[in-house]
Amino acid sequence: MTESSSRRRRGFATFGERLWHAVEGKNVRADLREALGVSDKTIERYYRGETFPTADDMVKIASVTGMNPDWFILGITPPSRHENEDKDVVFVPRLAVRLSAGIGRCNDQEQEVERIPMALSLIRKLGVKPDKAHIVQADGDSMENTIRDGDDVLIDTAMTELSAEGIYALVIGELAMIKRVMPLFNGGFELISDNDRYRSIEISKADAEQLRVIGRAKWVGRAL
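Numbering follows numbering that gives the first Met the number 0, in which position 64 of the sequence shown is assigned residue number 63; successive positions increment by one, without gaps.
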């Protein structure tokens, strides 16, 4: 069985398989390389799920292939070259802040620098109100392989209470970071790095009062 027939038989179940179908099925790999400024090796890594495009690059991929970003990411709509309608587009603000996924980085002002077009249906599928969706960039490797250095992260800024375990964008003092947060019985929190080379940080109940939550991470080229 060829690679092509094997992928079709599985129904393009993964992001990489859907991307392969959109790119190779339309013979637009050269166009994609030019649009994204990446090599064939990077595209192959996308196919294998070893890395994922940024939000900006998702929009470019949709433009090159004519596919709906929802289908790429979640597989919730059938492939079509005519599905990207204006009514399904929402422009999500990108903030200037870079969130440390490392040992900590001084917080820049949370200032809007541009707006990124995304599928409204995807935003709603993630359970995010469009006016509460913001994009920030991860900086560092402490959250790998969940979030990689340079990844665009969609944040739900309506979720500012640390009532449940999840990945949150936080500000402590002048440090902005993105960490997995585990509430503790003593009223404090454990800030966990998914990369086991980094130690977890325990925040006491008293120190937690100095902690500000920007929002909860919901998407990073795939749902979180």
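C-beta: ideal position from N, C-alpha, C; glycine also.
Contact belief for residue 148 with residue 138 at Cβ below 8 Å, rounded distance in angstroms: The Cβ separation is near 7 Å, so the contact holds.
From residue 22 to residue 89, what distance separates their C-alpha atoms? 24 Å
Which residue marks the beginning of the beta strand (DSSP E) containing residue 137, and which one marks its end? 132-138
Starting from residue 112, trace the beta strand (DSSP E) in both directions and tell me its first and last residue. Judged by DSSP secondary structure, residue 112 falls within the beta strand (DSSP E) whose first and last residues are 111-118.
Would you check if the distance between the CB atom of residue 125 and the CB atom of residue 217 is smaller than 8 Å? In contact: residue 125 and residue 217 (Cβ atoms closer than 8 Å).
Over what stretch of residues does the beta strand (DSSP E) that includes residue 181 continue unbroken? 174-182
Would DSSP call residue 92 helix, strand or coil? Strand, per DSSP.
Please list, in chain order, all residues of the same chain as residue 119 whose beta carbon is under 8 Å from its beta carbon, the five residues on each side excluded. 86, 87, 88, 89, 129
In terms of residues, what are the limits of the alpha helix (DSSP H) holding residue 125? Looking at the DSSP string, residue 125 is not in any alpha helix (DSSP H), and its letter there is neither H nor E.
Going by DSSP, what residues sit across from residue 167 in a beta bridge? 178, 215
Look at residue 133 and residue 170 and say whether their C-beta atoms are less than 8 Å apart. No, they are not a contact pair.
Under DSSP, the beta strand (DSSP E) around residue 42 begins and ends at which residues? It is not in any beta strand (DSSP E) - residue 42 instead sits in the alpha helix (DSSP H) that spans 39-47.
Please work out which residues of its chain come closer than 7 Å, Cβ to Cβ, to residue 159, disregarding the five sequence neighbours upstream and downstream, and give them in chain order. 212, 214
Could you check how far apart the C-beta atoms of residue 44 and residue 50 are, in whole angstroms? I think they sit under 8 Å. 5 Å
Mind reading off the beta-carbon distance from residue 63 to residue 27? Whole number of angstroms is fine, and I expect it under 8 Å. Contact holds; Cβ gap of about 6 Å.
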